[in-house]
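A.B. asks:
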Amino acid sequence: MDSSGQDINLNSPNKGLLSDSMTDVPVDTAVAAQTPAVEGLTEAEEEELRAELAKVEEEIVTLRQVLAAKERHCAELKRKLGLSALEGLKQNLSRSWHDVQVSNAYMKTSEKLGEWNEKVTQSDLYKKTQETLSQAGQKTSAALSTVGSAISRKLGDMRNSATFKSFEDRVGTIKSKVVGGRENGSDNLASPTGSGAKPLPDHTPF
Numbered sequence: 001m002d003s004s005g006q007d008i009n010l011n012s013p014n015k016g017l018l019s020d021s022m023t024d025v026p027v028d029t030a031v032a033a034q035t036p037a038v039e040g041l042t043e044a045e046e047e048e049l050r051a052e053l054a055k056v057e058e059e060i061v062t063l064r065q066v067l068a069a070k071e072r073h074c075a076e077l078k079r080k081l082g083l084s085a086l087e088g089l090k091q092n093l094s095r096s097w098h099d100v101q102v103s104n105a106y107m108k109t110s111e112k113l114g115e116w117n118e119k120v121t122q123s124d125l126y127k128k129t130q131e132t133l134s135q136a137g138q139k140t141s142a143a144l145s146t147v148g149s150a151i152s153r154k155l156g157d158m159r160n161s162a163t164f165k166s167f168e169d170r171v172g173t174i175k176s177k178v179v180g181g182r183e184n185g186s187d188n189l190a191s192p193t194g195s196g197a198k199p200l201p202d203h204t205p206f
């Protein structure tokens, strides 16, 4: 009979001689009988330890079964409450992050970062860098102000130049002609009450 198809025997006295990775694999009794006893232990002590080991392994199996039943019950309660797996994941992550924040390692790291930040901000290199950036900002603002003043002055000079005044005069002349022509045209229109119209006859009632 193949040993891989045999059932796991938790009460096997030969199970204590296996490694941790092979505790659930059945052992052939013929091979186990050839295993020498542990040195320094009497036969009674060895039997007692084997019995205790079997009992602990049985308790582990029972606890795994109880845990699986509790997990199924928890999943059923979440399903009835309408809690999705994503919400459960969010809660687990939030709980884990809270546990990290209250942990000693996180607090020590935060304190260390705070000390480093204070040392950096109080260092001469940081202060010099901050002063340099401030001076650069002031120089940039002054340069922009100078450029704006130069542009305004240039526009003023252009308006006072002969070319700009000649162009402005021409525009004014054209505008006067257009406005004057419109006014003259409106005056030449015949008015029904004007002097060129004949007076209406006066019809005296009988």
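So the sequence shown is numbered by full-length UniProt numbering: it starts at 1 and just counts up by one. Where is the CB? At the ideal position from N, CA and C, for every residue including glycine. Predicted, not measured: the structure shown is a model, and the values here were computed from it.
Kindly indicate which three-state DSSP category residue 114 falls into: helix, strand or coil?
C.D. replies: As a working note, residue 114 is residue 114 in the sequence shown. If DSSP states are grouped into helix, strand and coil, residue 114 belongs with the helices.
A.B. asks: Would you mind reading off the limits of the alpha helix (DSSP H) that contains residue 152?
C.D. replies: The residue given as residue 152 occupies position 152 in the sequence shown. Counting along the chain, the alpha helix (DSSP H) containing residue 152 begins and ends at 124–160.
A.B. asks: Using only the alpha-carbon positions, how far apart do residue 90 and residue 141 sit?
C.D. replies: For this step, residue 90 is matched to residue 90 along the sequence shown. For this step, residue 141 is matched to residue 141 along the sequence shown. Residue 90 and residue 141: Cα-Cα distance of roughly 49 Å.
A.B. asks: Could you check the C-alpha separation between residue 113 and residue 136 for me, to the nearest Å?
C.D. replies: Within the sequence shown, residue 113 is the residue found at index 113, counting from 1. Within the sequence shown, residue 136 is the residue found at index 136, counting from 1. Those two C-alpha atoms are separated by around 30 Å.
A.B. asks: Helix, strand or coil for residue 47, going by three-state DSSP, please let me know.
C.D. replies: Taking the first residue of the sequence shown as 1, we reach residue 47 at position 47. If DSSP states are grouped into helix, strand and coil, residue 47 belongs with the helices.
A.B. asks: Taking the C-alpha atoms as reference points, what is the distance between residue 139 and residue 160?
C.D. replies: The sequence position of residue 139 within the sequence shown is 139, counting from 1. The sequence position of residue 160 within the sequence shown is 160, counting from 1. Their backbone Cα atoms lie some 32 Å apart in a straight line.
A.B. asks: Whole-angstrom Cβ separation of residue 88 and residue 80, contact assumed at under 8 Å?
C.D. replies: The count along the sequence shown starts at 1 and reaches residue 88 at position 88. The count along the sequence shown starts at 1 and reaches residue 80 at position 80. No, residue 88 and residue 80 are not in contact; Cβ-Cβ is about 14 Å, not under 8 Å.
A.B. asks: Grab the span of the alpha helix (DSSP H) containing residue 40 for me, first residue to last.
C.D. replies: Position 40 of the sequence shown, counting from 1, holds the residue named residue 40. That residue, residue 40, is in no alpha helix (DSSP H); it is neither H nor E in DSSP.
A.B. asks: Can you round the beta-carbon distance between residue 164 and residue 158 to whole angstroms, since I take them to be within the 8 Å contact cut?
C.D. replies: On the sequence shown, position 164 is the one that residue 164 refers to. On the sequence shown, position 158 is the one that residue 158 refers to. So it is a contact: roughly 6 Å between Cβ atoms.
A.B. asks: If you draw a straight line from the C-alpha of residue 127 to the C-alpha of residue 115, how long is it?
C.D. replies: Position 127 of the sequence shown holds residue 127. Position 115 of the sequence shown holds residue 115. Each residue's Cα considered, the two are about 17 Å apart.
A.B. asks: When the Cα atoms are used, what is the spatial distance from residue 129 to residue 67?
C.D. replies: Within the sequence shown, numbered from 1, the residue matching residue 129 stands at position 129. Within the sequence shown, numbered from 1, the residue matching residue 67 stands at position 67. The alpha-carbon atoms of residue 129 and residue 67 are separated by roughly 60 Å.
A.B. asks: For residue 102, which of helix, strand or coil comes out of DSSP?
C.D. replies: Stepping through the sequence shown from its first residue, residue 102 is reached at position 102. Three-state result, residue 102: coil.
A.B. asks: Applying the 10 Å Cβ sphere with the 16-neighbour rule, what's the burial state of residue 74?
C.D. replies: Stepping through the sequence shown from its first residue, residue 74 is reached at position 74. Exposed is the call here.
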